[in-house]
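This report refers to the structure that appears directly beneath it.
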């Protein structure tokens with residue numbers, strides 16, 4: 051009897067998943083004013099895990115839209131919303147996880 055109740059419960063859950071209406075959220079489009087990009091020179095990168103740690107630290111900063119960290123060039127390219135964060139906060143985020151950063155000079 052217990053097996054029948056368990057089977058009924060599992061089948062009810064599965065069928066409920068297929069019958070649930072789907073909800074789609076509208077993603078707001080961003081204008082150029084909502085994003086700014088910066089390249090940071092990052093110190094202390096010594097292994098393949100370093101870029102992952104740095105990327106995660108940058109992604110935790112509110113307003114960061116993307117963060118790409120390159121081990122070979124020791125840089126991080128960050129796109130962010132300047133109304134929610136700033137370059138100083140990005141540098142603080144990398145520094146706080148052990149990777150001090152500075153703004154990469156334009157060439």
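In my numbering, the protein residues as written are 51 to 157.
All C-beta atoms, glycine included, are put in the ideal place defined by N, C-alpha and C.
C-beta neighbour in chain B for residue i, strict 9 Å
i           : result
residue 156 : Annotation note: the requested chain B is absent from the structure, which comprises a single protein chain.
Cβ separation of residue i and residue j, assumed to be a contact under 8 Å, to the nearest whole Å
i           : j          : result
residue 168 : residue 94 : For residue 168 there is no data in the structure shown, the boundaries of the chain being 51 and 157.
residue 124 : residue 92 : 5 Å
Neighbourhood of residue i by C-beta distance below 6 Å, restricted to the same chain and skipping five residues each side
i           : result
residue 119 : 101, 104, 105, 126
Short Cβ contact (9 Å threshold) for residue i with residue j
i           : j           : result
residue 114 : residue 90  : no
residue 117 : residue 135 : no
residue 107 : residue 152 : no
residue 131 : residue 86  : yes
Spatial neighbours of residue i in its chain, beta-carbon cut-off 7 Å, leaving aside the 5 residues before and after
i          : result
residue 96 : none
Helix, strand or coil at residue i [DSSP, three-state]
i           : result
residue 84  : helix
residue 109 : helix
residue 142 : helix
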